[in-house]
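Those protein sequences? They're chains R and L, same order as listed.
With the first letter of the first sequence counted as 1, position 339 gets the number 339 in our numbering; the numbers rise by one all the way through.
With the first letter of the second sequence counted as 1, position 63 gets the number 1063 in our numbering; the numbers rise by one all the way through.
Ideal Cβ positions, reconstructed from N, Cα and C, are used throughout, including at glycine.
Accompanying notes for the structure given below.
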Amino acid sequence: MTRTVSPKLGAYAGLAALGLIAAIALRWPELVAVTAPFPLVLAVGLAFSREPELRAQVTLDRERVLENDEVVLTLSLRAAEPLERVEVFVRLPPALVRVDGANPFALRLGTTEATRELRLACRRWGGYGLGEVHLRIRDRFGLFVHELQLTDLLPLRVYPRPEEIRRVLPPLETQVYSGNQVSRGKGEGIEFADIRPFATGDRVRRINWRVSARRGELFVNERHPERNTDVIIFLDSFTEARANQRGTLELAVRAAASLAALYLQRKDRVGLVSFGGVLSWLLPATGLVQRYRILDSVIGTEIVFSYAWKDADVIPVGTLPPQALILALTPLLDERAIATLLDLRARGFDLAVIEVSPLPFAAAAEDEAEAIGHRLWQLRRETLRSRYQRLGVPVVEWRDGDPLAVALEEVGAFRRQAGRVRA
Amino acid sequence: MLVAWTLLAIESQIVLAIAAVAALPGIVALALALVSGWPAPVPLALVSLGASYAVSLHGHRAIDGRAPLVGAGLVLVAELAYWSLEQRSAVGEEAGLQLRRALSILATTFGSAVVAAILLAATSVPLGGSVTWDAFGLAAAAGAVAVLALLSQRLSR
């Protein structure tokens, strides 16, 4: 706790000294009467002034919320002796907007515990630390100011609100474990695949009696088994386009969270690669724990400026299973991300690119030269898309405000047109 | 209002003019402090207003009975000025805080007036002037300052 002297103390002391000296020098008792109140206030204020003993504690009602949810921050204050005026300021991140409760506020604190609540709306995903509280205590006579700062931060995780998506983009290949994806292979399942002659060991329940009666020999039904798939969400965090407190990274993170939740619901294994100035990854896994791991990882994503060249070789082995679908969320602004995706396609990975369009965040052209430059930039981006599409990689432009489901449908349509969908 | 009240009692035009001139910087300094939020001019304003009152005492033969009220008035001006400067910070105050502060200022002002009146009454006791009493007065003033310094030192431990 720091203590500072208020300007009033120095002023009163100076006035007292000056007045008393003038009274003695001029021999005017009236000056004593005029001056006496100032040292009197000083003496009484100093006599009753104490080092305040104040305890403050901050609690949150929840640690994990979704975007636009509200949390309640409760501040508890307790003093050993009554404090005339306590000014409180809780420092809040810009993304947490105060909905109810005053901040800053001032109160008189008695010896009983006082609690004050702040209701905060979480406008943006991210990991935040709450609990930085600045306290300023003034004594009754305003002579001293004590200041105290609490720095014990409480973690608050605001997860992106998942978007409503009904149909996923199915990977081309499945894995060996049971899941919700109809496999190309044949085995035990629901979807009809083929009919073949009966072989020793086949189950009687699989016999297709109608065909067997027509052909005069036993035939069995074959079915496609349901298997899970591996999906890797590739998040480009080298750079972003940003305007009016929104940017492509925010959209990409929301999309990543939505896609991860959807694929994990289908019992697929989902992994994550955040490819940027800081490389982070999560090996593919399934279940609720993996969902929280992915969410905790994506909310920590931020643009870290770096000149270092990175390519697919820096991604650890095992992070990209051979037959996994790689869903890339990228604004296609950084050469490193563009080159890495092309490299992954060349290595035979099943790749789909959702281009988080930077066009809405680009400043409008103010003159003819800027308009031409803007048009050239758009043409260059179209060329880049064509380059991916010639390699069989679907690239779909997704803009802020458009449903993600539409982008996924376009990817699926491209793959059907390209003839790569399974029969 | 304080300045006007002290000036009204002055009979001599010359003294009135000098007292008014002495008070003017104080009014300006106080206005400057309140407008700018800078507390430094407040004591200067109080010195100026006190000097204006001191000028108004010129020619008085008897002890001026208004002195305690002038002293209380100066304390009131100072307290209100510093309160006003504190209010410049945008802090939402809970109910009752402002009322408590106002009552505290009034109590301080009233208490100041009472103590000042007692002191003035004590000084009106005829003891006769002498170097001894002057020295006693200086020692009392020094003692008062020493007490204040001791109190400040105790708080700094």
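Open item on the list: If you measure between the beta carbons of R/PHE234 and R/ILE195, is that distance less than 8 Å?
Closed with: Not in contact: R/PHE234 and R/ILE195 (Cβ atoms no closer than 8 Å).
Open item on the list: Does any residue of chain L have a CB that is nearer than 8 Å to the CB of R/ARG266?
Closed with: No, R/ARG266 does not count as interfacial toward chain L.
Open item on the list: Against chain R, with Cβ distances strictly below 8 Å, would L/PRO1025 count as a contact?
Closed with: Not closer than 8 Å to any Cβ of chain R, the Cβ of L/PRO1025 fails to qualify, so no.
Open item on the list: How far does the alpha helix (DSSP H) with R/ILE303 in it extend, from its first residue to its last?
Closed with: Membership of R/ILE303 in any alpha helix (DSSP H) is not indicated, and neither H nor E is assigned to it by DSSP.
Task: As assigned by DSSP and simplified to three states, the class of R/PRO65 - done: The sequence as given places Val at residue 65 of chain R; Pro does not occur at that position. In this structure, DSSP gives R/VAL65 an extended state, which the three-state scheme calls strand.
Open item on the list: Suppose you measure from the CA of L/LEU1097 to the CA of R/LEU143; what does that come to, to the nearest Å?
Closed with: Here the C-alpha atom of L/LEU1097 lies approximately 17 Å from the C-alpha atom of R/LEU143.
Open item on the list: For a quick check, are the C-beta atoms of L/ALA1000 and L/ALA1029 less than 8 Å apart?
Closed with: Summary: the structure shown does not reach residue 1000 of chain L, with chain L confined to residues 1001 through 1157, and so no result is reported for it.
TODO: Could you run through the region 71–87 of chain R and flag, in chain order, every residue whose CB is less than 7 Å away from some CB of chain A?
DONE: No chain A is part of this structure, whose protein chains are labelled R and L.
Task: chain L within 8 Å of R/TRP28, Cβ atoms only - done: Yes - at least one Cβ of chain L is within 8 Å of the one on R/TRP28.
Open item on the list: Buried or exposed for R/HIS146, going by 16 or more other Cβ atoms inside 10 Å?
Closed with: Label assigned to R/HIS146: buried.
Open item on the list: Going by C-alpha to C-alpha distance, which of R/PRO155, R/THR2, R/PRO94, R/LEU40 sits closest to R/HIS134?
Closed with: Proximity to R/HIS134 across R/PRO155, R/THR2, R/PRO94, R/LEU40 peaks at R/THR2, based on C-alpha coordinates.
Open item on the list: Within a Cβ cutoff of 6 Å, which residues of the same chain sit near L/LEU1032, ignoring the five residues on either side of it in sequence?
Closed with: Within the same chain, and ignoring the five residues on either side of L/LEU1032 in sequence, the residues whose Cβ sits closer than 6 Å to its Cβ are PRO1041.
Open item on the list: Assuming L/SER1104 and R/ARG140 are in contact, meaning their beta carbons sit under 8 Å apart, how far apart are those beta carbons, in whole angstroms?
Closed with: Contact annotation, L/SER1104 with R/ARG140: C-beta distance approximately 7 Å; criterion of less than 8 Å satisfied.
Task: With 16 other Cβ atoms within 10 Å as the buried cut-off, status of L/TRP1038 - done: Residue environment for L/TRP1038: exposed (fewer than 16 other C-beta atoms within 10 angstroms of its C-beta).
TODO: Let me know the secondary structure DSSP gives R/LEU333 once reduced to three states.
DONE: Three-state result, R/LEU333: coil.
TODO: Please report how far the alpha carbon of R/VAL253 lies from the alpha carbon of R/GLU63, in whole angstroms.
DONE: So the alpha carbons of these two residues sit roughly 20 Å apart.
Open item on the list: Helix, strand or coil, according to DSSP, for L/ALA1031 in the structure here?
Closed with: DSSP places L/ALA1031 in the helix class (H, G or I) of the three-state scheme.
Open item on the list: In the DSSP output, which residue or residues are listed as bridge partners for R/THR59?
Closed with: R/THR59 has R/THR74 as its beta-bridge partners, per DSSP.
Open item on the list: Quick check: what's the CA-CA separation for L/ALA1062 versus L/THR1109?
Closed with: Approximately 25 Å between the Cα atoms of the pair.
Open item on the list: Here's a check: name, in chain order, each residue in its chain whose Cβ is nearer than 7 Å to the Cβ of R/LEU404, leaving out the five neighbours to either side.
Closed with: Same-chain partners within the cutoff: GLU163, ILE165, ALA255, SER258, TRP398.
Open item on the list: Please classify R/TYR307 as buried or exposed, where buried requires at least 16 other C-beta atoms within 10 Å of its C-beta.
Closed with: It is exposed - the Cβ of R/TYR307 has fewer than 16 other Cβ atoms within 10 Å.
Task: Proximal residues of chain L, C-beta to C-beta of R/ARG140 below 8 Å - done: Residues of chain L passing the Cβ test: SER1104.
TODO: Sort out for me which residues DSSP pairs R/THR4 with in a bridge.
DONE: In the DSSP output, where bridge partners are listed per residue, R/THR4 has R/VAL145.
- [ ] May I ask you to report which of helix, strand or coil DSSP gives R/TYR177?
- [x] Here R/TYR177 sits in coil by DSSP.
Task: Terminal residues of the beta strand (DSSP E) in which R/ALA424 lies - done: There is simply no residue 424 of chain R to check, as chain R begins at 1 and stops at 423 in what is shown.
- [ ] Can you tell me which of R/ARG336, R/GLU30, R/ARG345 puts its alpha carbon nearest to the alpha carbon of R/LEU325?
- [x] Closest option to R/LEU325, Cα to Cα, is R/ARG345.
Open item on the list: Cβ closer than 7 Å: which chain R residues qualify as neighbours of L/GLU1100?
Closed with: Checking the sequence, you will find Arg at residue 1100 of chain L rather than Glu. Per Cβ cutoff of 7 Å: ARG108.
Open item on the list: Please tell me whether R/ARG227 and R/SER274 are closer than 8 Å, where the distance is taken between their beta carbons.
Closed with: One thing to note: R/ARG227 has its Cβ no nearer than 8 Å to the Cβ of R/SER274.
Open item on the list: On the criterion of 16 or more Cβ atoms from any shown chain inside 10 Å, does R/TRP377 qualify as buried, or is it exposed?
Closed with: Exposed: under 16 other Cβ atoms inside 10 Å.
Task: Sequence-distant residues of the same chain with beta carbon closer than 7 Å to R/SER6, five excluded per side - done: Closer than 7 Å at the Cβ level, and outside the excluded window around R/SER6, lie GLY142, LEU143, PHE144, VAL145.
Task: Of the residues R/ASP230, R/LEU282, R/PRO93, the one placed nearest R/LEU154, counting alpha carbons only - done: For the residues R/ASP230, R/LEU282, R/PRO93, the minimum Cα distance to R/LEU154 belongs to R/PRO93.
- [ ] Please classify R/VAL393: does DSSP put it in a helix, a strand, or coil?
- [x] Coil at R/VAL393, not helix or strand.
Task: Distance between L/ALA1081 and R/LEU9 (C-alpha atoms, nearest Å) - done: Rounded to whole angstroms, R/LEU9 to L/ALA1081 spans 14 Å at the Cα level.
Task: Status (buried if at least 16 other CB within 10 Å, exposed otherwise) for R/TRP209 - done: Answer is exposed; the Cβ neighbour count stays below 16.
TODO: Report the rounded CA-to-CA distance for R/THR330 versus R/LEU251, giving the unit in angstroms.
DONE: Approximately 10 Å, taken between the alpha carbons.
TODO: Compare the beta carbon distance of R/ILE232 and R/GLY287 with 8 Å and say whether it is the shorter of the two.
DONE: No. Outside cutoff.
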